[in-house]
Each structure stands twice: as structure tokens, then as C-alpha cells.
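Colleague:
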Amino acid sequence: MLDRLTLSMRASHVLAALLVVAALVLAVVGSAIGDTFYLRLATEALIFAGLALSVDLLLGYSGALSLGQALYFGIGAYTSALVLMKVPSFWLAMGAAAGMTFVCAIIGGLIANRVRGVYFALITFGLAQVVAKVVYNIRDLGASDGMIGIPVIDIGIGPFSVSAGNPVGFFLVVLVIIMALYAATAYLLDTPFGRVLTALKANEKRVPFLGYSVWRARMVCYLAAALIAGLSGALYPMLRGFVSPELMFFMTSGNAVISVILGGVGTLVGALYGSVFLVIIKSVIGSWTDHYLIIIGLLFMAGVLFMPKGLIGFVRPHVERMIAPRHLRETRAPEQDAPLKAEEVKP
Amino acid sequence: MSRPVLEVSDLSIAFGGLRAVDQVTFAAERHRITTVIGPNGAGKSTLFNMISGALKPLSGTVLIDGVDMTGAAPERLKGAGLSRSFQITNLFFELTVAENLRLAAQVLEPAKRALLPIRCSTRAQAKTQAMLERFELTHKRDELAGNLSHGDQRRLEIAVCLASEPKILLLDEPTQGMSHQDTADTAKLVRSLTQDVSVLLIEHDIGLVMELSDHVVVMHQGRKLAEGPPAAVRADPQVQAAYFGHA
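Chains as they are written, first to last, in the numbering used here: chain X, 4 to 350; chain H, 4 to 250.
(1) What residue does the alpha helix (DSSP H) around residue 54 (chain H) start on, and which one ends it?
(2) At the 7 Å Cβ level, is residue 356 (chain X) part of the contact set with chain H, yes or no?
(3) Could one say the Cβ of residue 140 (chain X) lies closer than 7 Å to chain H's Cβ atoms, at least one of them?
(4) Of all the CB atoms in chain H, is at least one closer than 7 Å to the CB of residue 225 (chain X)?
(5) Below 7 Å on C-beta distance, what does residue 87 (chain H) contact in chain X?
(6) Taking C-beta pairs closer than 8 Å, name the residues in chain X that residue 120 (chain H) reaches, listed in chain order.
(7) Give me the Cα-Cα distance between residue 261 (chain X) and residue 255 (chain X), rounded to the nearest whole angstrom.
(8) Taking its Cβ as the centre, do 16 or more other Cβ atoms sit within 10 Å of residue 227 (chain H), making it buried, or is it exposed?
(9) Listing by chain order, which chain X residues have their CB less than 8 Å from the CB of residue 167 (chain H)?
(10) For residue 108 (chain H) and residue 167 (chain H), which I take to be in contact (beta-carbon distance under 8 Å), what is that distance rounded to the nearest angstrom?
(11) Would you check if the segment 189-204 of chain X and the segment 54-64 of chain H touch, i.e. whether three or more CB-CB distances between them fall below 8 Å?
(12) Looking at the structure shown, is residue 227 (chain H) part of a helix, part of a strand, or coil, going by DSSP?
(13) Just to confirm my understanding: we take residue 123 (chain H), look at its own chain, exclude 5 residues before and 5 after, and list those with CB closer than 8 Å. What are they?
(14) DSSP on residue 240 (chain H), reduced to helix/strand/coil?
(15) Below 8 Å, can you find three or more Cβ-Cβ pairs linking the segment 36-45 of chain H to the segment 212-228 of chain H?
(16) Going by the DSSP bridge assignment, what does residue 150 (chain X) pair with across the sheet?
(17) Mapping DSSP to helix, strand and coil, what is residue 6 (chain X)?
(18) For the segment 290-310 of chain X and the segment 79-86 of chain X, state whether three or more C-beta atom pairs, one from each stretch, are separated by less than 8 Å.
(19) In chain X, which residues lie less than 8 Å from residue 106 (chain H) when you measure between Cβ atoms?
(20) Three-state secondary structure (DSSP) at residue 101 (chain X)?
(21) Measure the alpha-carbon distance for residue 129 (chain H) versus residue 136 (chain H) and round it to whole angstroms.
(22) Where in the segment 282-328 of chain X do unbroken runs of the beta strand (DSSP E), each at least 3 residues long, occur, reported from the N-terminal end onward?
(23) May I ask you to report which of helix, strand or coil DSSP gives residue 32 (chain H)?
(24) Flag residue 228 (chain X) as yes if its beta-carbon sits less than 7 Å from any beta-carbon of chain H, otherwise no.
(25) Residues in its own chain within less than 7 Å of residue 342 (chain X) by CB, not counting five upstream and five downstream?
(26) If you check the beta carbons only, do residue 131 (chain X) and residue 251 (chain X) fall under 7 Å apart?
(27) Using a Cβ cut-off of 7 Å, pull out every chain H residue sitting near residue 38 (chain X), in sequence order please.
(28) Just confirm the distance between the C-beta atoms of residue 29 (chain X) and residue 55 (chain X), as a whole number of angstroms; I'd bet it's less than 8 Å.
(29) Evaluate contact between the segment 32-44 of chain X and the segment 155-172 of chain H, counting only Cβ atoms and requiring at least three cross-stretch pairs below 8 Å.
(30) Apart from the five residues just before and just after residue 88 (chain X), which ones in its own chain have a Cβ nearer than 7 Å to its Cβ?
(31) List the whole-angstrom C-beta distance separating residue 173 (chain H) from residue 161 (chain H), where the pair is believed to meet the contact cut-off of C-beta under 8 Å.
(32) In chain order, what residues of the same chain have a beta carbon less than 6 Å from the beta carbon of residue 75 (chain H), not counting five sequence neighbours either side?
(33) Sort X:86, X:38, X:90 by Cα distance to residue 101 (chain X) and report the nearest one.
(34) Residue 17 (chain H) by DSSP, collapsed to three states: which one?
(35) In whole angstroms, what is the alpha-carbon distance linking residue 126 (chain X) and residue 118 (chain X)?
(36) Need the endpoints of the beta strand (DSSP E) that residue 62 (chain H) sits in, please.
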């Protein structure tokens with residue numbers, strides 16, 4: 004049985020495949036002309052795309068807006084940095100970041116999931132600010148300067164080894180990891196548990212009467228989202244060689260939310276596109292003027308006003324129509340344009 | 004005779020100083036339709052909310068199939084075999100008809116399938132299909148629930164409640180806002196449900212109550228005024244004074 008979520012997910016996968024193709028083209032061209040700047044910029048975009056993905060899992064599927072998702076991104080980044088300073092092992096750093104994020108997310112989730120809606124947004128915001136300020140004041144974590152001098156590591160993948168200092172190599176590693184996170188999220192949403200999440204967003208009050216614990220579903224979703232953010236964050240010090248408290252600040256969380264909204268809430272792949280788009284815009288406009296935030300703000304407003312479903316929300320229905328089996332194609336088409344269709348006349 | 008599927012004893016709740024439901028006791032027999040009637044504000048919906056876990060009672064007990072489920076959370080009551088509909092249509096409007104049904108039927112799946120791809124949930128799929136056919140919604144399976152007509156939505160609401168194979172089904176005014184023809188169809192439908200489940204009904208349409216019910220509980224100002232077979236209840240002078248108003 005093919006339903007709408009499965010269909011729209013498939014459309015997202017088509018667009019995700021397109022993104023991978025574009026990334027591979029960039030990798031080939033980049034390595035051919037010996038580019039470093041754009042490859043590292045693209046790597047950074049993908050890392051922040053992971054954070055945006057985690058925001059979209061929460062916001063787009065369970066309907067919970069987190070304004071502090073950078074907290075787990077930062078925890079992942081700091082844990083990874085601390086491990087790499089002692090043992091330059093990629094897998095150990097990733098594992099430690101995942102473990103640390105998971106433990107922190109249990110605590111954060113127990114606090115944040117007591118409330119919902121605006122209060123959830125405010126609690127997540129507050130949690131991130133508190134932890135960021137604490138990190139900002141701990142000398143052993145580099146305080147406001149952050150930690151610098153994180154060694155460039157070699158990433159062992161089976162018999163092969165890629166240096167994090169190699170722009171193409173590391174770009175491809177990050178691409179694989181972020182796409183794996185995307186695939187894992189998409190898989191989660193295609194399970195019965197994932198359907199309960201979408202039910203939460205649609206009508207949370209009804210969910211317990213279907214026999215599902217709202218608290219448990221929200222908690223699992225929160226933990227999964229935190230893990231995605233933490234694993235993405237763990238990649239950051241490998242790219243940049245430093246971490247700083249700014250990674251946990253609202254600016255980072257807010258950028259992730261903006262990426263998701265620009266890309267399309269509840270599309271998963273939109274988070275990736277939105278993030279890539281935002282990083283590119285920032286870099287391009289930032290090279291002309293220091294006041295690039297004004298332009299991003301204007302773009303954001305224009306996006307919300309004229310493309311409320313985001314970039315992918317706008318494109319995806321067309322992709323869906325191309326890949327849909329006939330019975331869904333017919334029923335889907337009108338409701339895209341007329342959500343308030345008049346009642347059908349009963350025979 | 005086997006034990007009633009639902010036994011409510013001395014159930015009470017107060018809002019501020021008001022005793023909204025005061026020591027109500029009744030039982031719902033298996034495969035029967037038990038109807039709660041009463042004027043507006045009699046406490047029918049509050050009673051429903053306590054039985055279905057939406058409100059915690061102040062005192063009293065609720066037994067489902069002999070197990071004490073007083074004050075249990077709705078998701079636990081679902082496990083005990085209780086399912087309820089709502090007076091105001093309460094569906095997942097952004098999901099399709101089939102998705103609404105499957106979401107409800109998913110509880111039938113063993114827990115280990117919760118994290119397998121949804122196509123492995125074969126039992127939920129089969130149940131969804133069966134419900135679509137039984138409620139004549141097959142041709143609307145891919146429509147959004149929010150786009151259905153009011154009558155179809157009310158029917159889907161009952162189907163969703165039934166999809167989890169409950170022992171007892173609580174229906175809160177299933178014919179609310181329906182046309183005459185739809186009401187008659189729904190009455191027939193509710194009657195057919197008793198093959199599989201026991202039904203506890205709140206209904207305002209007295210004609211329908213008398214025709215449909217096996218047992219009627221009359222509430223007035225939070226208390227149980229009378230109970231019995233429809234004809235006996237109708238003849239009760241107390242009931243006539245309180246409810247029908249022209250004794």
C-alpha cells in the first residue's frame with residue numbers, strides 16, 4: 004500500500020539523489036582544478052545540513068520547534084574535539100560524541116518534553132543558552148576562545164585512509180555521513196513509529212486515545228534528533244580544527260531553523276538544500292558586505308511570504324506527480340491547489 | 004451470564020464546588036448497546052471522559068473486563084480494550100482516510116514491528132482494508148480526512164475507533180449534526196457493531212435511543228436518575244419530569 008507519506012518521501016529521495024550528484028560533480032571539478040575554498044565551504048554546508056535535518060525531524064514531523072538544537076551540535080563538537088586532542092581516532096570521536104549527546108539529550112528531553120508548543124521552543128532555547136554560557140566560562144574548555152589546535156586526523160575506512168585535511172576526501176566522508184543520517188531519518192519516518200510522529204503533528208490530543216504514549220514518542224523523537232545534531236557537530240572540529248561556544252549560541256540554532264523553513268518544513272531533504280543555500284548565500288553576500296544578515300533576513304521574509312512551503316515544498320509536488328502511480332496522481336492533483344475543496348455531493 | 008465488560012461504580016468528580024458527576028453506578032453488558040441520556044449539563048460527557056481516561060475521577064472505580072482501570076491514562080485503557088469517539092469530530096485531518104485507519108490499527112501489531120518499515124505491518128494493512136470495505140470508504144481511501152463530508156467523517160471516526168479491535172466502544176453522539184438519512188444509516192451501523200463489540204453510547208436523539216438501546220442510563224444533574232430497558236425508562240415518571248419535561 005503506497006500512501007502519501009511514502010510517496011512524498013520517495014520524491015524527497017529523488018531530490019536527495021540530485022543533491023548527491025551535484026556534490027559528486029563538485030568533488031570531481033574541485034579536485035580537477037585543485038580547489039580548496041569551495042570544497043571546504045561545501046563541507047561546512049553539509050555539516051550544518053545535519054543540524055538542520057535534526058531540526059526538521061522535530062519540527063516537520065513531530066511538530067516541536069526547537070530553538071536550541073545547536074546545544075547538541077555543540078556538545079557533539081566539543082566531545083569530538085576533546086577526544087581528538089587525546090586520541091586522533093575518527094570513529095572514537097564519533098562514538099564518544101554520540102554517547103555524550105545521547106546522555107545529555109535524555110536530561111534535556113526530560114526537561115523540555117514536560118511542555119509543548121511555544122513553551123517547548125522557549126525551554127530548548129533556554130537550555131542551549133545556559134549550557135553555552137557555562138561552556139563560555141569554563142577555562143578547561145577554552146572559555147570564550149574555544150579550543151584550538153585540534154589535530155588533522157586520518158580517517159580509516161577499512162583498508163583505506165582519508166586525511167581530514169584533504170578537501171575532496173573529507174568532503175566525501177562528510178557527504179556519506181550526512182546522507183546516512185538522512186537515510187536513517189527517512190527510514191525512521193517510514194516505520195509505524197514514524198507514523199505516530201506525524202500523528203502527533205496532525206492532532207496530538209487524539210494520539211493517546213489510539214493507544215500510543217505521546218510522551219514516549221516525543222522523547223524518542225527528541226533523542227533521535229539530538230543524536231543527528233551531535234554526530235553532525237562531531238564533524239565540525241575535524242574540518243575547522245577548532246571549536247568555540249558560538250557553536251551552541253542561538254545564531255547557530257536559528258540558522259538551522261531558517262535553513263529548514265527556506266528549504267521546506269517536513270521534507271527532510273529541504274533541510275539539506277536550505278542549509279546549502281544559506282551557507283552559499285552567506286558566503287557570497289558576505290564577500291561583498293559585512294551586513295549580509297540584512298539580506299538573509301529579507302530573503303527569509305520573502306521566502307516565508309512567497310514560498311511558504313519552502314524551496315522543496317514548492318518543487319516536490321511536481322516530482323511526486325512524476326513518480327506517483329495513477330490512483331494517487333488523480334486524487335493528489337486538486338488538493339495541492341485547493342486545500343479547502345467543497346464537499347462532494349453524495350450520491 | 005458472563006461478567007459485564009464495563010462496570011462503573013460510585014464514580015464522582017467535582018469541578019470547584021460543583022459535583023459534575025455524583026456517585027454514578029452502572030454496567031455495560033457484552034454485545035449490547037448501553038446508552039447514557041440526559042439533558043445538557045447532566046454530566047454525560049464528563050462521565051465518558053472519566054471512563055476513557057481523559058479525566059481522573061475523584062472517587063469510584065472503573066472495571067474493564069474485570070480489571071480495575073480507574074484513572075488510567077488513555078493509552079493504557081486502549082490496551083485494556085477501550086476505544087472512544089468524540090462529540091466533535093477528532094480525526095487526523097491532514098492524513099488520508101487510509102492513514103487514519105492504519106494509525107489506529109497499528110496497535111494490533113507486535114511491538115517489535117514498530118521500527119520495521121511500515122509495509123511489514125501486514126496485520127494493520129489488512130485491518131485497514133477490512134475497515135475501508137466495511138464502512139464503504141474504499142473509494143475515498145486516498146482522500147484527506149479533512150476533505151470528507153461531515154457524514155463520512157463521523158463514519159470514519161467510528162471506523163478508527165473500531166480498527167483497534169476494542170472490547171468496548173464509547174461513542175459520543177455519533178449522529179451529531181447528521182442529516183436524517185445519515186442518522187438512520189449510522190443507527191444501522193451502530194447496531195451491526197454489537198456482533199464484535201459492546202457499545203456505550205451518548206445520544207440526544209430520543210427516537211434513536213429508544214430504537215437502538217438495550218439498556219438506558221438516565222442522568223440528571225450529575226446523578227443517575229434511572230436505568231433499565233428503553234420502554235421502562237420512558238415510562239418512569241421521574242424521568243419524564245426531568246428529561247422530557249412534560250409529565
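Don't be surprised by glycine CBs; every beta carbon is placed ideally from N, CA and C.
Modeller: The relevant details are as follows:
(1) Counting from 1 along the second sequence, the entry for residue 54 (chain H) is found at position 51. Start and end: 47-54.
(2) Since the first residue of chain X shown is 4 and the last is 350, residue 356 (chain X) is not available in this structure.
(3) As a first step, residue 140 (chain X) must be located in the first sequence, where it is residue number 137. It does not: the Cβ of residue 140 (chain X) has no partner Cβ on chain H nearer than 7 Å.
(4) Along the first sequence, read from residue 1 onward, the residue named residue 225 (chain X) stands at position 222. Cβ-Cβ to chain H under 7 Å: no for residue 225 (chain X).
(5) For this step, residue 87 (chain H) is matched to residue 84 along the second sequence. In chain order: 212.
(6) One-based indexing of the second sequence puts residue 120 (chain H) at position 117. By Cβ distance, chain X contributes 190, 193, 194.
(7) As a position in the first sequence, residue 261 (chain X) is number 258, starting the count at 1. As a position in the first sequence, residue 255 (chain X) is number 252, starting the count at 1. Their backbone Cα atoms lie some 10 Å apart in a straight line.
(8) The residue given as residue 227 (chain H) occupies position 224 in the second sequence. Buried, since its Cβ has 16 or more Cβ neighbours within 10 Å.
(9) Position 164 of the second sequence, counting from 1, holds the residue named residue 167 (chain H). Within 8 Å Cβ-Cβ: 213, 214.
(10) Numbered from 1 along the second sequence, position 105 holds the residue referred to as residue 108 (chain H). Numbered from 1 along the second sequence, position 164 holds the residue referred to as residue 167 (chain H). About 7 Å separates the two Cβ atoms, so the contact holds.
(11) no
(12) Sequence index remark: in the second sequence, residue 227 (chain H) carries index 224 (1-based). Three-state result, residue 227 (chain H): strand.
(13) Counting from one through the second sequence, the residue named residue 123 (chain H) turns up at place 120. Cβ within range, chain order: 116.
(14) In the second sequence, counting from the first residue as 1, residue 240 (chain H) sits at position 237. Helix.
(15) yes
(16) Taking the first sequence and counting its residues from 1, one reaches residue 150 (chain X) at position 147. Per DSSP, X:246.
(17) The sequence position of residue 6 (chain X) within the first sequence is 3, counting from 1. The answer is coil: DSSP assigns residue 6 (chain X) none of H, G, I, E or B.
(18) no
(19) On the second sequence, position 103 is the one that residue 106 (chain H) refers to. Simply 198, 199, 202, 213.
(20) Residue numbering aside, residue 101 (chain X) sits at position 98 when the first sequence is read from its first letter. Residue 101 (chain X): helix per DSSP, three-state reduction.
(21) Taking the first residue of the second sequence as position 1, residue 129 (chain H) is located at position 126. Taking the first residue of the second sequence as position 1, residue 136 (chain H) is located at position 133. Rounded to whole angstroms, residue 129 (chain H) to residue 136 (chain H) spans 11 Å at the Cα level.
(22) none
(23) Along the second sequence, read from residue 1 onward, the residue named residue 32 (chain H) stands at position 29. Coil.
(24) Translated into positions along the first sequence, residue 228 (chain X) becomes position 225. Judged by the 7 Å Cβ criterion, residue 228 (chain X) is not in contact with chain H.
(25) Indexing the first sequence from 1 puts residue 342 (chain X) at position 339. Confidence in residue 342 (chain X) is poor, its pLDDT being 39 and thus under 50, which makes the residue's placement too unreliable to answer from.
(26) For the purposes of this step, residue 131 (chain X) is taken as the residue at position 128 of the first sequence. For the purposes of this step, residue 251 (chain X) is taken as the residue at position 248 of the first sequence. Going by C-beta atoms, residue 131 (chain X) is nearer than 7 Å to residue 251 (chain X).
(27) Taking the first sequence and counting its residues from 1, the one referred to as residue 38 (chain X) is at position 35. Under the 7 Å cutoff, chain H gives no residues; its nearest Cβ is about 40 Å from residue 38 (chain X).
(28) What you label residue 29 (chain X) is simply residue 26 of the first sequence in a count that begins at 1. What you label residue 55 (chain X) is simply residue 52 of the first sequence in a count that begins at 1. Their Cβ separation, rounded to whole angstroms, is 19 Å, which puts residue 29 (chain X) and residue 55 (chain X) out of contact at 8 Å.
(29) no
(30) By 1-based counting over the first sequence, the position of residue 88 (chain X) is 85. Here the set comprises 153.
(31) The residue you call residue 173 (chain H) lines up with position 170 of the second sequence. The residue you call residue 161 (chain H) lines up with position 158 of the second sequence. The Cβ separation is near 11 Å, so there is no contact.
(32) As a working note, residue 75 (chain H) is residue 72 in the second sequence. Excluding residues within five positions, the ones whose Cβ falls inside 6 Å are 56.
(33) By one-based count along the first sequence, residue 101 (chain X) stands at place 98. Closest option to residue 101 (chain X), Cα to Cα, is X:86.
(34) Numbered from its first residue, the second sequence carries residue 17 (chain H) at position 14. Looking at residue 17 (chain H) - three-state DSSP - the assignment turns out to be strand.
(35) Counting from one through the first sequence, the residue named residue 126 (chain X) turns up at place 123. Counting from one through the first sequence, the residue named residue 118 (chain X) turns up at place 115. Their backbone Cα atoms lie some 8 Å apart in a straight line.
(36) Walking along the second sequence from the start, residue 62 (chain H) turns up at place 59. Note, residue 62 (chain H): beta strand (DSSP E), 62-67.
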